[in-house]
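Working notes for the structure below.
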Amino acid sequence: MINSLLLAAEAAGPVNFPVLTALVVIPFLGAIAIAVVPAARIEAHRLIALIATVITGAMSIWVLAEFNKDDSGFQFANDDPNVWVESLGIRWDLAVDGISLFLVVLTGILFPLAILGVSPEHSPKNYFAWIVALEAGVMGVFLTRDLFFFFVFFEVVLVPMYFLIGSWGHGNRVYAATKFFLYTMFGSALMLVGILAIVFLHEDATGVTTFNLVEIAEGQNWGVNTGRWIFLAFALAFSVKVPIFPVHTWLPDAHTEAPTAGSVILAGVMLKLGTYGFLRFGLYLFPEAATWFAPVMMILGTIGIIYGAVAATMQKDLKRLVAYSSVAHLGFIVLGTFAITTEALVGSVMQMVNHGLSTGALFFLVGWMYERRHTREISQLGGLQKSAPVFAAAFTLVMLSSVGLPGLNGFVGEFLILLGAFVASPWITSIAATGVILAALYLLWAYQRVFHGPAEGENAEMEDLKVSEGLVLLPMLVLIVFLGVYPKPMLERIEPSVDALIAHIDENVDTWTEPQREVLAPSDDDHGDDHSDDHSDDDDHGDDDHSEDGE
Amino acid sequence: MLAQTTIATPDVDVAILLPMLFMGVGGLLILTMTSVKKDIPAWFITGWTLAACTGAVISAISLWGRYTDEGPSSTIANSVGFDGFSIFLTIVIALAVVMASLLAHTYLIREQLEGVELHVLLLLSGTGGLIMAFANDLIVFFLGLETLSLAVYILAAMHRRRLESQEAGMKYFVLGAFSSTFLLYGIALIYGATGTTNLVEIKTFLDTQALVQDGLLLGGLALMIVGLAFKVGAVPFHSWTPDVYEGAPTPVVAYMASGVKAAGFAGLLRILSTGFQAVVDDWVPAMEVIAALTLLIGSITAIVQTDVKRMLAYSSISHAGFILLGVLAASERGTAAALFYLASYTFLVAGTFGVLTVLGGEGDNNFSFDAFKGLGKRKPLLSFAFMVFLLAQAGVPLTSGFFAKFGVIAAAVDAESYWVAIVAMIAAVIGAYLYIRILISMFLEDGDEDAEVLAIPRSIGAVIAAAVVVTVLFGIFPGILDGFAQDALAQLTASGN
Numbered sequence: 001m002i003n004s005l006l007l008a009a010e011a012a013g014p015v016n017f018p019v020l021t022a023l024v025v026i027p028f029l030g031a032i033a034i035a036v037v038p039a040a041r042i043e044a045h046r047l048i049a050l051i052a053t054v055i056t057g058a059m060s061i062w063v064l065a066e067f068n069k070d071d072s073g074f075q076f077a078n079d080d081p082n083v084w085v086e087s088l089g090i091r092w093d094l095a096v097d098g099i100s101l102f103l104v105v106l107t108g109i110l111f112p113l114a115i116l117g118v119s120p121e122h123s124p125k126n127y128f129a130w131i132v133a134l135e136a137g138v139m140g141v142f143l144t145r146d147l148f149f150f151f152v153f154f155e156v157v158l159v160p161m162y163f164l165i166g167s168w169g170h171g172n173r174v175y176a177a178t179k180f181f182l183y184t185m186f187g188s189a190l191m192l193v194g195i196l197a198i199v200f201l202h203e204d205a206t207g208v209t210t211f212n213l214v215e216i217a218e219g220q221n222w223g224v225n226t227g228r229w230i231f232l233a234f235a236l237a238f239s240v241k242v243p244i245f246p247v248h249t250w251l252p253d254a255h256t257e258a259p260t261a262g263s264v265i266l267a268g269v270m271l272k273l274g275t276y277g278f279l280r281f282g283l284y285l286f287p288e289a290a291t292w293f294a295p296v297m298m299i300l301g302t303i304g305i306i307y308g309a310v311a312a313t314m315q316k317d318l319k320r321l322v323a324y325s326s327v328a329h330l331g332f333i334v335l336g337t338f339a340i341t342t343e344a345l346v347g348s349v350m351q352m353v354n355h356g357l358s359t360g361a362l363f364f365l366v367g368w369m370y371e372r373r374h375t376r377e378i379s380q381l382g383g384l385q386k387s388a389p390v391f392a393a394a395f396t397l398v399m400l401s402s403v404g405l406p407g408l409n410g411f412v413g414e415f416l417i418l419l420g421a422f423v424a425s426p427w428i429t430s431i432a433a434t435g436v437i438l439a440a441l442y443l444l445w446a447y448q449r450v451f452h453g454p455a456e457g458e459n460a461e462m463e464d465l466k467v468s469e470g471l472v473l474l475p476m477l478v479l480i481v482f483l484g485v486y487p488k489p490m491l492e493r494i495e496p497s498v499d500a501l502i503a504h505i506d507e508n509v510d511t512w513t514e515p516q517r518e519v520l521a522p523s524d525d526d527h528g529d530d531h532s533d534d535h536s537d538d539d540d541h542g543d544d545d546h547s548e549d550g551e
Numbered sequence: 001m002l003a004q005t006t007i008a009t010p011d012v013d014v015a016i017l018l019p020m021l022f023m024g025v026g027g028l029l030i031l032t033m034t035s036v037k038k039d040i041p042a043w044f045i046t047g048w049t050l051a052a053c054t055g056a057v058i059s060a061i062s063l064w065g066r067y068t069d070e071g072p073s074s075t076i077a078n079s080v081g082f083d084g085f086s087i088f089l090t091i092v093i094a095l096a097v098v099m100a101s102l103l104a105h106t107y108l109i110r111e112q113l114e115g116v117e118l119h120v121l122l123l124l125s126g127t128g129g130l131i132m133a134f135a136n137d138l139i140v141f142f143l144g145l146e147t148l149s150l151a152v153y154i155l156a157a158m159h160r161r162r163l164e165s166q167e168a169g170m171k172y173f174v175l176g177a178f179s180s181t182f183l184l185y186g187i188a189l190i191y192g193a194t195g196t197t198n199l200v201e202i203k204t205f206l207d208t209q210a211l212v213q214d215g216l217l218l219g220g221l222a223l224m225i226v227g228l229a230f231k232v233g234a235v236p237f238h239s240w241t242p243d244v245y246e247g248a249p250t251p252v253v254a255y256m257a258s259g260v261k262a263a264g265f266a267g268l269l270r271i272l273s274t275g276f277q278a279v280v281d282d283w284v285p286a287m288e289v290i291a292a293l294t295l296l297i298g299s300i301t302a303i304v305q306t307d308v309k310r311m312l313a314y315s316s317i318s319h320a321g322f323i324l325l326g327v328l329a330a331s332e333r334g335t336a337a338a339l340f341y342l343a344s345y346t347f348l349v350a351g352t353f354g355v356l357t358v359l360g361g362e363g364d365n366n367f368s369f370d371a372f373k374g375l376g377k378r379k380p381l382l383s384f385a386f387m388v389f390l391l392a393q394a395g396v397p398l399t400s401g402f403f404a405k406f407g408v409i410a411a412a413v414d415a416e417s418y419w420v421a422i423v424a425m426i427a428a429v430i431g432a433y434l435y436i437r438i439l440i441s442m443f444l445e446d447g448d449e450d451a452e453v454l455a456i457p458r459s460i461g462a463v464i465a466a467a468v469v470v471t472v473l474f475g476i477f478p479g480i481l482d483g484f485a486q487d488a489l490a491q492l493t494a495s496g497n
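Chains as they are written, first to last, in this note's numbering: chain L, 1 to 551; chain D, 1 to 497.
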């Protein structure tokens with residue numbers, strides 16, 4: 001089926017087939033199909049959900065394959081996008097560039113895995129309908145170039161997630177779901193006013209009413225102060241979504257109470273809506289304000305790194321620990337985003353994907369552990385390495401990726417961020433770098449308590465990783481290793497778009513130039529290739545940490 | 001020898017009056033018929049009501065064709081205006097009557113209140129609403145308002161055996177009559193200031209003359225705003241809304257929240273946003289304060305309610321606040337956005353109160369949160385429909401409610417009323433919480449498994465289904481309805497074709 005679809009697409013030519021529209025529409029139709037099939041036909045719902053998400057995933061990979069890595073602009077766009085609401089110039093305008101490409105692929109990969117990996121405890125029909133609908137919303141956010149649709153998708157993802165947490169979650173699920181919904185909705189409330197303000201300011205200046213991101217960003221038709229205020233409205237929405245300290249408090253609750261698939265998707269792709277928003281809408285729309293606020297945002301990112309790490313160390317609940325580790329990891333991404341150097345931005349984009357893979361996998365493992373042991377209390381677990389060696393091995397690999405061990409994907413992203421951010425602000429970056437050590441501390445310590453030691457009672461009889469679970473995990477593990485060893489294909493696709501973004505900022509902010517490294521480097525344009533030999537001493541440093549704190 | 005004198009009567013363009021005639025005469029005819037022949041079945045009465053409204057809608061649609069060809073005009077000495085605005089609202093009000101009548105059909109049988117009165121009053125009240133939508137003259141507008149209101153006072157008290165219903169009717173009548181006098185006094189003062197009650201002439205007067213002393217004009221304007229704000233339930237003239245909504249029969253509430261509101265906003269949009277556009281600086285600040293208060297008080301008081309029907313009454317106050325954003329923008333964009341809001345909200349309200357009509361059960365009073373617990377399991381389809389309506393009222397994307405809110409907020413931002421736009425967004429978030437509370441009860445809490453299985457009557461089911469389809473359709477493709485709303489602008493033209 002997928003083949004025939006792809007063949008049909010090929011026959012129509014890559015330009016004519018609206019592949020990006022299909023990425024949004026197919027999951028949406030899948031959700032409708034699930035809703036229509038009667039509840040009694042239990043297997044059908046899962047099957048439809050799988051078909052819809054697998055087709056979407058395959059198409060996202062096809063987009064990756066067809067993506068022109070030398071083009072820094074938007075690709076796969078329709079030259080004459082459909083007018084949706086004429087009076088406001090709203091258009092159905094989808095496109096993908098190096099910044100969004102890998103997030104689209106990550107979404108495409110993660111959703112089928114989330115459906116395969118865990119089954120709902122009850123009401124499978126509604127569960128699968130909501131998950132598949134969620135994919136449509138997430139894809140929409142990453143793909144649209146229209147500010148109206150961006151807001152629509154940004155908001156609409158709340159509803160499926162609300163029901164996923166509230167209906168299939170654990171313990172205090174209704175509280176967690178409501179908190180999640182209201183927090184994020186409040187965050188984005190002011191963004192809508194901000195969007196409208198720039199649209200009408202653009203209209204006043206040019207006479208054209210449009211919600212097109214590119215036109216408005218290139219126009220820059222607002223004053224310095226106005227731009228800063230509106231940037232704040234956007235920043236609040238993204239900060240809540242990321243989440244950035246101090247508006248992060250919804251995240252531990254939502255992550256902990258969410259069902260496994262919900263946590264995987266929440267951590268894997270939904271938090272990226274915020275960081276992606278900062279890159280695509282924060283920096284691109286408001287270059288002046290972004291550079292002006294950059295020190296504050298970098299400090300907030302660093303506070304997130306340290307705070308998340310310290311909080312994670314103190315958690316008694318394994319899932320909550322992973323949730324707080326997300327706060328720390330996303331702090332790195334924010335730090336990198338507002339360092340505004342090529343390395344840091346490339347690193348941020350890559351780290352978004354890395355975090356999706358490693359934290360997504362961690363949530364799978366913790367979820368499966370909970371299914372077996374019915375507890376997530378670290379003190380109740382212990383010695384699982386003996387009863388479930390494969391499980392422990394998989395956990396180790398994922399955990400090390402999360403820690404940022406060289407050779408795994410997490411290292412590349414984190415390292416590029418720190419490298420780029422150091423040029424922009426050595427002091428902040430030095431403090432942020434301690435987060436790497438703290439990450440090793442809380443994750444390895446947790447690993448030690450859960451997997452080492454004597455296994456007693458139920459811990460001694462825990463079932464090892466099943467083949468089906470292993471197969472779900474396998475793609476993520478392969479990517480974790482592959483991107484760690486050979487990140488070049490990814491970096492070389494991200495970099496042109498990041499360069500274009502930096503050029504855009506440079507052009508629109510007179511007082512700003514990209515921070516440069518002060519060392520005399522003969523050529524600085526191909527660090528995707530040579531970063532590993534370049535900084536070998538830092539690798540050693542990382543290794544030392546692990547051996548000290550670890551097993 | 002007597003000189004031959006003729007009394008100059010104005011030309012009457014009957015085609016323009018057709019929608020009003022269909023509904024008004026239709027109502028009177030069925031009333032006459034039932035008084036002659038006692039045993040006319042209920043289905044015939046409802047069918048007649050639907051036919052009368054369909055006639056009004058069809059004549060309005062054919063008028064739309066004439067409007068796009070020939071442009072706006074007016075008749076009966078410029079006192080009845082014919083433009084896209086009046087046609088658009090005619091369709092909205094007629095649909096509100098249709099849906100209320102369908103909801104009432106089985107309601108009346110269930111509550112043993114069979115009779116023609118409710119349908120007749122709905123038709124007559126709708127006629128009044130149409131007159132308000134067409135009125136180009138303040139006196140004509142007042143006539144329409146009274147026709148509409150008197151019928152609604154009785155409708156509110158329609159449930160003879162419920163004390164709350166009697167109370168609602170009485171309260172509404174006393175306060176409503178009071179507010180009408182404010183409006184009338186305001187009209188008198190405006191006449192004193194401008195020398196006319198005709199909106200076309202008022203607009204011309206205000207556009208060309210600068211008043212040295214505008215106390216009379218502003219006083220009249222203020223009194224008119226009070227009267228109109230009462231009709232649409234804006235703070236601080238809203239205190240009747242919760243009691244009346246709670247007490248009145250549920251199908252009637254659906255009509256009050258949609259048809260009556262649409263007619264009230266027809267007045268605000270045509271009189272203030274269009275007629276008094278020359279003096280926007282005088283009334284917009286007052287309107288901003290009213291809108292902000294309406295938004296905040298409506299949504300905040302809604303979340304502390306324990307009765308769902310009462311909660312929705314407060315939420316309708318907050319909706320009025322949103323529509324006021326379209327009014328205070330005093331622009332074409334604002335008017336179009338308000339019209340979009342009114343049209344989509346009419347379906348939302350009909351659907352919402354349709355669900356409540358079913359759930360209210362015999363006696364029409366089962367609206368506590370407990371009644372909604374576990375509804376998602378017992379009645380999945382009905383709950384799904386209710387979820388769509390609640391999400392739309394919360395302004396969640398992909399429902400018509402989102403674009404409605406988006407449009408009015410856009411209009412307010414365009415008019416640079418930034419602070420009110422921000423207040424509106426905050427009110428939307430507060431409001432979201434109250435809709436979530438109902439959703440939590442329905443889907444996330446277990447209810448009484450043995451609760452009686454509710455049957456959904458076909459007529460109510462049809463209204464709910466239509467409302468879901470429209471809400472989702474205009475949610476995903478708002479451009480369709482928006483296109484019409486953009487063309488349906490109030491134009492005050494003095495031409496007697």
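Backbone N, C-alpha and C fix where the C-beta goes; we use that ideal spot for every residue, glycine too.
| query | Do the region 213-232 of chain D and the region 180-199 of chain D touch if we need at least three Cβ pairs shorter than 8 Å? | reply | Segments in contact, yes.
| field | Residue range of the unbroken alpha helix (DSSP H) whose run includes residue 84 of chain L | value | Along the first sequence, read from residue 1 onward, the residue named residue 84 of chain L stands at position 84. Not the alpha helix (DSSP H): residue 84 of chain L falls in the beta strand (DSSP E), residues 82-85.
| Distance between residue 414 of chain D and residue 351 of chain D (C-alpha atoms, nearest Å) | Taking the second sequence and counting its residues from 1, one reaches residue 351 of chain D at position 351. Taking the second sequence and counting its residues from 1, one reaches residue 414 of chain D at position 414. Roughly 32 Å between the two C-alpha positions.
| query | Under 8 Å Cβ-Cβ, which residues of chain L neighbour residue 404 of chain D? | reply | Locating residue 404 of chain D in the second sequence gives position 404, counting from the first residue. Chain L residues near residue 404 of chain D: none, gap ~12 Å exceeds 8 Å.
| message | For the pair the region 420-434 of chain D and the region 301-314 of chain D, tell me if three or more CB-CB distances fall below 8 Å. | response | yes
| task | Answer yes or no: does any C-beta atom of chain D fall closer than 7 Å to that of residue 200 of chain L? | result | Within the first sequence, the letter at position 200 stands for residue 200 of chain L. By this cut-off, residue 200 of chain L is an interface position.
| said: Going by C-alpha to C-alpha distance, which of D/307, D/289, D/303, D/306 sits closest to residue 322 of chain D? | reply: By 1-based counting over the second sequence, the position of residue 322 of chain D is 322. When each option's Cα is compared against that of residue 322 of chain D, the closest is D/289.
| task | Please name the residue, chosen from L/47, L/53, L/112, that lies closest to residue 23 of chain L on a Cα-to-Cα basis. | result | The count along the first sequence starts at 1 and reaches residue 23 of chain L at position 23. If we check each option's Cα against that of residue 23 of chain L, L/53 comes out closest.
| Is the Cβ-Cβ distance between residue 178 of chain D and residue 194 of chain D less than 7 Å? | If you number the second sequence from 1, residue 178 of chain D lands on position 178. If you number the second sequence from 1, residue 194 of chain D lands on position 194. Cβ atoms of residue 178 of chain D and residue 194 of chain D: not closer than 7 Å.
| query | Alpha carbon to alpha carbon, how far is residue 51 of chain D from residue 330 of chain D? | reply | Translated into the one-based positions of the second sequence, residue 51 of chain D becomes position 51. Translated into the one-based positions of the second sequence, residue 330 of chain D becomes position 330. Cα-Cα distance, rounded: 36 Å.
| residue 486 of chain D: contacting residues in chain L (beta-carbon distance under 8 Å) | Position 486 of the second sequence holds residue 486 of chain D. Ordered by position in chain L, the residues that pass the 8 Å Cβ test against residue 486 of chain D are 86, 87.
| task | Measure the alpha-carbon distance for residue 424 of chain L versus residue 297 of chain L and round it to whole angstroms. | result | As a working mapping, residue 424 of chain L is identified with position 424 in the first sequence. As a working mapping, residue 297 of chain L is identified with position 297 in the first sequence. Going by the C-alpha atoms only, they are around 13 Å apart.
| message | residue 272 of chain L and residue 441 of chain L - do their beta-carbons sit closer together than 7 Å? | response | Looking up residue 441 of chain L in the first sequence gives position 441. Looking up residue 272 of chain L in the first sequence gives position 272. No, the pair does not count as a contact, with Cβ atoms beyond the cut-off.
| query | Taking Cβ-Cβ distances shorter than 9 Å, what residues in chain L pair up with residue 93 of chain D? | reply | Residue 93 of chain D sits at position 93 when you count from the first residue of the second sequence. Residues of chain L passing the Cβ test: none, with the nearest at roughly 23 Å.
| query | Less than 7 Å separating the beta-carbons of residue 459 of chain D and residue 106 of chain D? | reply | Along the second sequence, read from residue 1 onward, the residue named residue 459 of chain D stands at position 459. Along the second sequence, read from residue 1 onward, the residue named residue 106 of chain D stands at position 106. The Cβ atoms of residue 459 of chain D and residue 106 of chain D lie closer than 7 Å to each other.
| query | beta strand (DSSP E) containing residue 81 of chain D: first to last residue? | reply | The sequence position of residue 81 of chain D within the second sequence is 81, counting from 1. That run of the beta strand (DSSP E) goes 80-82.
| query | For the region 222-258 of chain D, which segments carrying the alpha helix (DSSP H) assignment without a break, of at least 4 residues, lie completely within its bounds, in sequence order? | reply | 240-247, 250-255
| field | Length of the line joining the Cα atoms of residue 441 of chain D and residue 303 of chain D | value | Taking the first residue of the second sequence as 1, we reach residue 441 of chain D at position 441. Taking the first residue of the second sequence as 1, we reach residue 303 of chain D at position 303. Cα-Cα distance, rounded: 14 Å.
| query | Are the C-beta of residue 478 of chain D and some C-beta of chain L separated by less than 7 Å? | reply | Taking the first residue of the second sequence as 1, we reach residue 478 of chain D at position 478. Yes, residue 478 of chain D counts as interfacial toward chain L.
| Residues near residue 264 of chain D in its chain [Cβ-Cβ closer than 7 Å; skip 5 each side] | Start at 1 with the first residue of the second sequence, and residue 264 of chain D comes out as number 264. By the criterion of a C-beta distance shorter than 7 Å, residue 264 of chain D is surrounded in its chain by 228, 231, 232, once the five residues flanking it on both sides are discounted.
| field | Boundaries of the alpha helix (DSSP H) in which residue 346 of chain D is found, first to last residue | value | Numbered from 1 along the second sequence, position 346 holds the residue referred to as residue 346 of chain D. That run of the alpha helix (DSSP H) goes 332-360.
| task | Have a look at residue 291 of chain L and residue 229 of chain L and give me their C-alpha separation to the nearest angstrom. | result | Translated into positions along the first sequence, residue 291 of chain L becomes position 291. Translated into positions along the first sequence, residue 229 of chain L becomes position 229. A direct Cα-to-Cα measurement between residue 291 of chain L and residue 229 of chain L gives close to 14 Å.
| Where residue 548 of chain L falls: helix, strand or coil (DSSP) | On the first sequence, position 548 is the one that residue 548 of chain L refers to. Interpretation of residue 548 of chain L is limited by its pLDDT of 37, a score under 50 that renders its predicted location unreliable; the figure taken from the coordinates is listed afterwards. In the structure shown, residue 548 of chain L sits in a helix (DSSP, three-state: H, G or I).
| query | At a cut-off of 6 Å, is residue 407 of chain D close to the ligand HEM when judged by its beta-carbon and the heavy atoms of the ligand? | reply | The ligand HEM is not part of the structure shown, which contains no ligands of any sort.
| task | List the DSSP bridge partners of residue 434 of chain D. | result | Taking the second sequence and counting its residues from 1, one reaches residue 434 of chain D at position 434. DSSP output for residue 434 of chain D lists no bridge partner at all.
| Neighbour list for residue 341 of chain D in chain L, Cβ cutoff strictly below 8 Å | As a position in the second sequence, residue 341 of chain D is number 341, starting the count at 1. Going along chain L, no residue has its Cβ under 8 Å from residue 341 of chain D, so there is no contact; the nearest lies around 14 Å.
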